[in-house]
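First the structure, in the form of C-alpha cells, and then the observations on it.
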Amino acid sequence: MLRKNLLKGFKRPKGITFEHSEVEPRYGRFVAYPFERGYGVTIGNTLRRILLSSIQGCAITAVKITAYKDDGSPHMIASEFEAIPAMVEDTPDFISNLKQVQLKLAGDLEEKTILLELKGGRTLYAKDLAVDNDLEIGNPDFPIATLMDKANLELEVQFNLGRGYVPAERSEKYIEVIGTIPVDALFSPVRKVKYAVENTRVGQRTDYDKLVLEIWTDGTITPDDALAEAAKIAKDHFTIFINFDESEAGGDEDSDEDEERLRALLDTPVEELELSVRSSNCLRNANIRTIGDLTRKTEDEITKTRNFGKKSLQEIRDKLQSRGLDLGMKDYAAVKKMLRAQLAGQAPAVPAAVAAPVAGDKEDDE
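Under this note's numbering, the residue at position 144 of the sequence shown is numbered 1020, and the numbers go up by one with no gaps.
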C-alpha cells in the first residue's frame, strides 16, 4: 500500500514552456523547471531515449518492380543487384531514395500498398506515391528516380507503421517472397533530440534543475506531439511498478493475441475472398490489395470504380460480412471489437452505418 503525501516537499514544474517557430515547424524547444536536483537528468535522458527509439512512424518496407519489354511481356526485378531497365539510377540508389521518403499514414491505418504505372521519360517524385488521401508526404519534391523515354515500369510499394529501425533482413514477411525487395525501414519521425540541465533559483536556493529539451522531427509529427507521446509511453511503463495485478498482465496477452489475429485478417490478400473475375479486376484497378484496404473503402468510394456495379458490390459485402466485416470500417477500434465478438463465438453485428442495403438507383452495367 502506497504511503500518502509522497510528493510533499518536492519541487516540481507547474507547467512547461514551448518555444517554436512558424518558419521551422519541425523544431521545438521545451523548458521546464524547477526540478529537485538530479531529476532534470533522469527525466531528460528518459524522454530523449524514448523520443529517438519508440515514437511510431511510417516507412517503406518493401517494393516490387516489374519492367515490361517492347513486346509487352513482364520481367520482375529479382533483387536490388539487378538493374532496372530505362532507369538512370542504379537499383541500390533507387532503394536508397525510397528510404528517404518522409511519410505518414492517415487515421488508424497500419499499412498500405500502392501500385504505380510509370511510362515514358519523367522524374518520379515522393509526392507521386500519394495516390490517395491515405498517405501524407513530408518531402513531396524529393526526387526518387529518373526514367528514360522508353520506360515502362510497374511499382508495387508497401508502407508500414512501426518503431525504430528495422533492417531489410529482419522483414520476415517479405524476405522470402519472390520478386519482393525488402527495404531497410527507419520508422522514427524524430530526427534529433538534445537536452541540457541548468541550475535555477527558487527562493534562496540555486541548485534546483531546469530542463531544456530540443526536438527535431521530419515534419510528419510536430515536436510537441512527439514529446507528449514519449511522456505517455514512459507513464504507461512506470504504471506496472505501482499496480502488481497479475490478472491485468494476462489480459494484455489476450489483447496481443487478438491484435495479431486482426492484423493477419486485414493483411489477407483480397484474392482469398474468391471473388468473380470482374470484381477482382475492379479491386486491382482501385489499388485495393488486402482485406484491410477493402474494409476502409466506403460504398460510395468503391462504386466510383470503373465497371463496378451492384452485383459486384453485393458480392464483396457478402464475402466481408461472412468474416464479420463490411465496407466503410475506417474506425480501427470498431474492427477490433467486431473481430473479438467473432472469436468469442458471438454473431458479429454489422454496424448500421455500413450495413445499409445496396443502393438501387445506380445503373448496373453487369
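We put the beta carbon where it would ideally sit given N, CA and C, even for glycine.
Counted within 10 angstroms of its Cβ, other Cβ atoms place residue i as buried (16 or more) or exposed
i     : result
A1027 : buried
K940  : buried
N1036 : buried
G885  : exposed
S1047 : buried
D1241 : Only weak support is given to the placement of D1241: the predicted model assigns it a pLDDT of 43, under 50, and the value that follows is read from those uncertain coordinates. By the neighbour-count rule (16 or more Cβ atoms within 10 Å), D1241 is not buried but exposed.
L960  : First, the residue type needs correcting, since residue 960 is Ile and not Leu in the sequence shown. Burial call: buried.
R924  : buried
S949  : exposed
E1122 : Any answer about E1122 is weak, because its pLDDT of 48 lies below 50 and its placement is not dependable; what the coordinates show is given next. Result: exposed.
P1019 : exposed
F1184 : buried
Q1034 : buried
I1118 : exposed
K890  : exposed
G1055 : exposed
E1124 : Because the pLDDT at E1124 is just 49, under 50, the model does not fix this residue reliably, and the point stays unresolved.
A962  : buried
L883  : exposed
Contact set for residue i: own chain, Cβ-Cβ below 7 Å, skip 5 residues either direction
i     : result
S955  : I1057
E1105 : I931
R913  : D1083, Y1084, D1085
N1161 : T1181, R1182
R1067 : W1092, T1093, D1094
E1074 : K1086, V1088
I926  : A1106, I1109, A1110
Beta-carbon spacing of residue i, residue j below 8 Å
i     : j     : result
T1115 : R902  : no
G1038 : A1061 : yes
I1167 : T1181 : no
F1063 : G1095 : no
L928  : V1088 : no
A1102 : I1091 : yes
F957  : T967  : yes
L1005 : V977  : yes
V1042 : K975  : no
G933  : P1065 : yes
S1188 : S1155 : yes
L1149 : K1195 : yes
Cβ distance (whole Å) where residue i is taken to contact residue j below 8 Å
i     : j     : result
A1021 : I1013 : Rounded, the Cβ-Cβ distance is 15 Å, inconsistent with contact.
R1030 : E987  : Residue identity check: residue 1030 is Glu in the sequence provided, not Arg. At roughly 20 Å, the Cβ-Cβ gap does not stay under 8 Å, so E1030 and E987 are not in contact.
T1171 : L1203 : 7 Å
N1163 : I990  : 6 Å
D1025 : G997  : 4 Å
R1151 : I1192 : The sequence given here places Leu at residue 1151; Arg does not occur at that position. That pair is a contact at about 7 Å.
Y1050 : A938  : 4 Å
D1010 : L981  : 6 Å
V1146 : R1165 : 7 Å
Beta-carbon proximity list for residue i, same chain, < 8 Å, skipping 5 on both sides
i     : result
V1078 : K887, P910, Y1084
E895  : G904, R905, F906, V907
T922  : A1110
R892  : Note that residue 892 is Ile in the sequence shown here, rather than Arg. Cβ within range, chain order: F906, V907, A908.
D1169 : K988, T989, V1146, N1163
Y944  : P950, H951, N1028, L1029, E1030
Sequence-distant residues of the same chain with beta carbon closer than 6 Å to residue i, five excluded per side
i     : result
N881  : none
D1176 : none
N1015 : Q978, A1002
E1254 : In the structure as shown, the chain starts at 877 and stops at 1242, and residue 1254 therefore has no counterpart that could be examined.
K995  : N1028
I1097 : P1065
- Query: Three or more C-beta pairs closer than 8 Å, one from the stretch 913-921 and one from the stretch 963-983: is that the case here?
  - Reply: Taking a contact to require three or more Cβ pairs closer than 8 Å, the stretch 913-921 and the stretch 963-983 do not qualify as touching.
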